[in-house]
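A.B. asks:
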Amino acid sequence: MEILLNSILSLLISLGLAPGADNKVDSADQVQSEGIEIVVEDSSDTYTDLVTAVENFRQMAIEVLEDVDADIDEDVDGDVPVVDDVDSDVDEDVPGDVEEDVPSDVEEDVPSDVEEDVPGDVEEDVPGDDSDVIEDDSDESDSDEGAAEPKGSIWLATDLSERLGGWADMSDRAKERLTELHALKHEAAVAKAEAKAERTAARIARQAAKAAEQEAKAAEQLALAEAGELEAKDILDAERDAADRLRDAEERAREAAEDEVELTPEEREAAKAERMAEKEARKEAKGIKGGGKDKGGKGNNGKGGPNRK
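The opening residue of the sequence shown carries number 1006 in the working numbering; numbering runs sequentially from there.
#1: Determine the closest residue to residue 1218 out of 1238, 1197 and 1251, with distance taken between C-alpha atoms.
#2: Using a Cβ-Cβ cutoff of less than 8 angstroms, which residues in the same chain neighbour residue 1244 once the five nearest sequence positions on both sides are dropped?
#3: How big is the Cα-Cα spacing for residue 1169 and residue 1203?
#4: So residue 1248 and residue 1215 are in contact, right, with Cβ under 8 angstroms, and what is the actual spacing, rounded?
#5: Quick check: what's the CA-CA separation for residue 1178 versus residue 1194?
#6: Given this structure, state the Cα-to-Cα distance separating residue 1175 from residue 1182, to the nearest angstrom.
#7: At the level of alpha carbons, what is the spacing between residue 1221 and residue 1229?
#8: Taking only the alpha-carbon atoms, compute the straight-line gap between residue 1279 and residue 1190 and give it to the nearest angstrom.
#9: Hey, residue 1258 and residue 1212 are a contact pair by Cβ (cut 8 angstroms); roughly how many whole angstroms apart?
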């Protein structure tokens, strides 16, 4: 037990943590290089725990020293040389410029120019010609101003009037050309509308001719039916077919007329829906007529012929 306590005390002294320690620890490398020899005479658990505690304490001391060394190397050492550089720049640059360069320019160059050049020009050249220059300038200015201003004003007014007249002529020609273009455009639109109307009328006439032909065929079949040459069922079918063809022709003619007229999409959809409804109504009416006949082939009117209004 005494040997173990002495070993712990020697470790604390080597780390500089015990009173009266002679040596100081400078870095973590010094602590790692030193070995710890502990003589254990007894093999009880108490000595094992003490050895483990001493080893943990040594590791903690090493980590603390490593952190301190890292902070010192990074923060302190990097800032000291900067102060030396600033001082050297201040000592070298500022005094030389103030004492050497500025005084030479002020004392040597400026006085020579002021004393030699300027007075000679003022005293020799200017005084002899003052009266002549003043009199001549007054005469010339009076004569020039009286003659130049009217000429310039007249020329400017004339030029402006000519320009305005030219612009007015250009404007009139542009208006005339625009009127001609509008007239041509109107004539072209009218001609196009007339041609379109003619095509529509021709198409409607063709559809009407086909409808008349189909109606003539239906009338012929009805006449034959009344004479007894055809059966009543065939007559009714022929009449319905003729009526359907006539309605189809009328519908095609109406569709052609609607195509020629400029309609909105909503109006086209409404017209299309109306035509579909009429087709469905005709189909239903056709089914009712087909189912309303008796065995003798007579229609709803009981005369053996088609229903006529």
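Idealized CB from N, CA, C, for every residue including glycine. Note that the structure is a prediction, hence the values are computed from the model and not measured.
C.D. replies: Per the coordinate set shown:
#1: 1251
#2: These residues qualify, in order along the chain: 1223, 1226, 1227 and 1311.
#3: 51 angstroms
#4: Contact flag wrong, Cβ pair sits at about 14 angstroms.
#5: 24 angstroms
#6: 11 angstroms
#7: Distance between the alpha carbons of residue 1221 and residue 1229: 12 angstroms.
#8: Distance from the CA atom of residue 1279 to the CA atom of residue 1190, rounded to whole angstroms, is 37 angstroms.
#9: 4 angstroms
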